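The sequence shown begins at 1359 in the numbering used here and counts up by one.
A virtual CB, placed ideally from N, CA and C, is assigned to each residue, including glycine.
It should be emphasised that the depicted structure is a prediction, and the values quoted were computed from it without experimental measurement.
To start, the structure itself, in structure tokens.
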Amino acid sequence: MQLYPAIDLKEGQCVRLKQGEFKEITVYSNKPEEVAALWQSQGATYLHLVDLDGALAGRSVNNKVIKKITDTVSIPIEIGGGIRSEEAIESMLSLGVARVIIGTKAAENPEFIRDMVKRYGQDRIVAGVDAKEGMVAVEGWEKISGISAAELCGRMKEYGVRHVVYTDISRDGMLTGPNVEYTKRLTEETGMDVIASGGMSSMKDLRLLYQAGVQGAIIGKALYEKRIDLKEAIEAFEKQDHQGRI
């Protein structure tokens, strides 16, 4: 299972929100590139970035910081937040990012993601499926759409998408545990690389996802609050895959 330490960016700082609420904010560092270097030094093999300002503005806002991060670490990075055009994808890839996550645009215009997968390939384009009570949320989680997460994932699969970041908004930043059941369902129904996001709070949560056959997990607040030790988690869940699942 691939683990993704998360770095959420707001006004150039590394922060965490609760349930996506911008008024519920905690600043952890004003040098996100140092946080990225820390996670890499602890064995991280992939990083997950979110441009929170970009998610609200509908365009990338933290380019300078993103470039600092890609210059600082040697491991691949995926990023989401406000990536809603081909120009935005090009811009992120030119900064040295390995994969871009498309959320709002995937829900509102699924054909766009189909075209982008054709153009850039399965490994560059990730669908971001953010849901509240099973229904997809868009525009920085400010609006709930009329499509279910399962339905959107099914459509993404048809369009050639392989990687999906599935976030249960009600659990995000709450340390209440991920929605294992729904993530497992999406993984089994679609056969896609579903990456769980939202609520990761302990090694037990990671173990449940791992045992459910989920392909990836994003860890944010639990790392910053020292509830999960990244080195230990990588040893237990990433390296086991190379030796066969336990």
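Bounding residues of the alpha helix (DSSP H) (the contiguous stretch that carries residue i)
| i | result |
| --- | --- |
| S1452 | 1444-1452 |
| R1513 | 1507-1516 |
| T1534 | No alpha helix (DSSP H) contains T1534, which DSSP labels as neither H nor E. |
| K1425 | 1421-1430 |
| R1457 | Premise fails: R1457 lies in the beta strand (DSSP E), 1457-1460, not in any alpha helix (DSSP H). |
Outcome for residue i when other beta-carbon atoms lying within 10 angstroms are tallied against a minimum of 16
| i | result |
| --- | --- |
| V1385 | exposed |
| G1571 | exposed |
| E1436 | buried |
| E1578 | Note on residue identity: the sequence assigns Gly, not Glu, to residue 1578. Under this definition G1578 is a buried residue. |
| R1477 | exposed |
| S1559 | buried |
| E1391 | buried |
| Q1569 | exposed |
Option in the options with minimal Cα separation from residue i
| i | options | result |
| --- | --- | --- |
| I1383 | A1402, I1433, R1513, L1410 | L1410 |
| G1556 | Q1573, E1546, T1545, V1538 | V1538 |
| G1378 | T1541, A1446, L1414, R1457 | L1414 |
| D1563 | L1533, M1550, D1551, G1549 | L1533 |
| G1438 | T1525, L1566, S1503, K1501 | T1525 |
| K1368 | G1486, S1449, I1424 | I1424 |
| G1574 | M1550, I1460, L1581 | M1550 |
| M1359 | G1492, A1580, L1566 | L1566 |
Three-way DSSP call (helix, strand, coil) for residue i in this model
| i | result |
| --- | --- |
| S1399 | helix |
| E1500 | coil |
| D1551 | strand |
| R1520 | coil |
| D1587 | coil |
C-beta atoms of residue i and residue j nearer than 8 Å
| i | j | result |
| --- | --- | --- |
| Q1480 | R1520 | yes |
| Y1362 | I1576 | yes |
| K1589 | G1401 | yes |
| M1514 | V1522 | yes |
| V1455 | A1394 | no |
| I1483 | V1458 | yes |
| E1497 | T1462 | yes |
| L1510 | A1554 | no |
| G1527 | M1561 | The question names Gly, yet the displayed sequence has Ile at residue 1527. In this structure, M1561 does not lie closer than 8 Å to I1527 by Cβ. |
| W1397 | L1405 | yes |
The beta strand (DSSP E) enclosing residue i, as first and last residue numbers
| i | result |
| --- | --- |
| P1468 | That residue, P1468, is in no beta strand (DSSP E); its alpha helix (DSSP H) goes 1468-1478. |
| E1379 | 1379-1387 |
| D1366 | 1360-1368 |
| D1409 | 1405-1409 |
| D1488 | 1483-1490 |
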